[in-house]
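Asks: Following the numbering used here, the numbering of the sequence shown begins with 1389 at its first residue and continues without gaps. Quick reminder that beta carbons are idealized off the backbone N, C-alpha and C, glycines included. Sharing a structure with you now.
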Amino acid sequence: QSHVVRGYVGNKSASFPLQVLGFEVDSINSVQFSNHTGYSHWKGQVLTADELHVLYEGIKLNNVHHYDYVLTGYTRDTSFLEMVVDIVQELKRANPNLVYGKNISTEKDAVEVMDLLHKMGPDTVVITSSDLPSRLGDRFLVSLGSQRTLMPDGTKSTQRVRMEIPKVDAVFVGTGDLFAAMLLAWTHHYPNDLKTACEKTFSVMHHVIKRTISYAHGYGWTDGGGEWRRGRTEWA
């Protein structure tokens, strides 16, 4: 995932919360930027596919490449993504137990998409970014989840989860990275209980965002059209 000097996105959003929950985290930064790209300017370096391969080779040569999970973020370079795929496939061969996030306009569409993703391999699918209407009104967001579980008799049971989350009138960068990390952690602790895993994940997200807003207000920051500002300085 990405890394920024200032702010919290990518690995800076994901690594520490995972460590707090007891995970040993090895991070490779796909980019190292001065700040996230939502600012007017940023500087930094982008890791190439060859450089990623060199880093992974160093890990492999020391025989410390036996991972339980791989968490990846947004990748805009095709060759880099292809290298990620190659590494993940090799890791799966090294550790067979390795665990790996159509237009949607209705809940029926969402269920069809989740079932399609199940057929592609993932047993757990959670949809967080949707414009589905909430039964509680337009101040709530709808998130849907689906989890397949293999039963003792060989059949598969599917658990569906529907959650309605209060909206927060602010925009933060890095929340998706934090969400992915927390969902990974809580599905590890509750492998057959997607409802509990989602509840704990959304609880973390809600408390982090609310505390961040309170912290910002305490320092005189205000939400200026989706960006937190104090004077001419942006904060995210």
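Starting from LEU1566, trace the alpha helix (DSSP H) in both directions and tell me its first and last residue.
Replies: Counting along the chain, the alpha helix (DSSP H) containing LEU1566 begins and ends at 1563-1577.
Asks: Compare the C-beta of ASN1451 with all C-beta atoms of chain C and state if any pair is closer than 8 Å.
Replies: Among the protein chains of the structure shown there is no chain C, as only one such chain exists.
Asks: Which term fits THR1589, buried or exposed, when burial requires 16 or more other beta carbons within 10 angstroms of its beta carbon?
Replies: The residue is buried, with at least 16 neighbouring Cβ atoms inside 10 Å.
Asks: What residues are listed by DSSP as bridge partners for MET1551?
Replies: According to DSSP, which records beta bridges pairwise, MET1551 is partnered with SER1531.
Asks: Grouping DSSP H, G and I as helix and E and B as strand, with all else coil, what is LEU1505?
Replies: DSSP places LEU1505 in helix when its eight states are reduced to three.
Asks: Helix, strand or coil for GLU1587? Go by DSSP, reduced to three states.
Replies: GLU1587 falls in the helix class under three-state DSSP.
Asks: Could you give the residue range of the alpha helix (DSSP H) that holds PHE1468?
Replies: Unbroken alpha helix (DSSP H) run through PHE1468: 1466-1482.
Asks: Contact check, ALA1558 vs ILE1515 under 8 Å by CB: the rounded distance?
Replies: About 22 Å separates the two Cβ atoms, so there is no contact after all.
Asks: Quick check on SER1517: buried or exposed, where buried means 16 or more other Cβ atoms within 10 Å of its Cβ?
Replies: Flag for SER1517 reads exposed.
Asks: In this structure, does DSSP put ARG1340 in helix, strand or coil?
Replies: Outside the displayed range of the chain (1389 to 1624) lies residue 1340, so it cannot be described from this structure.
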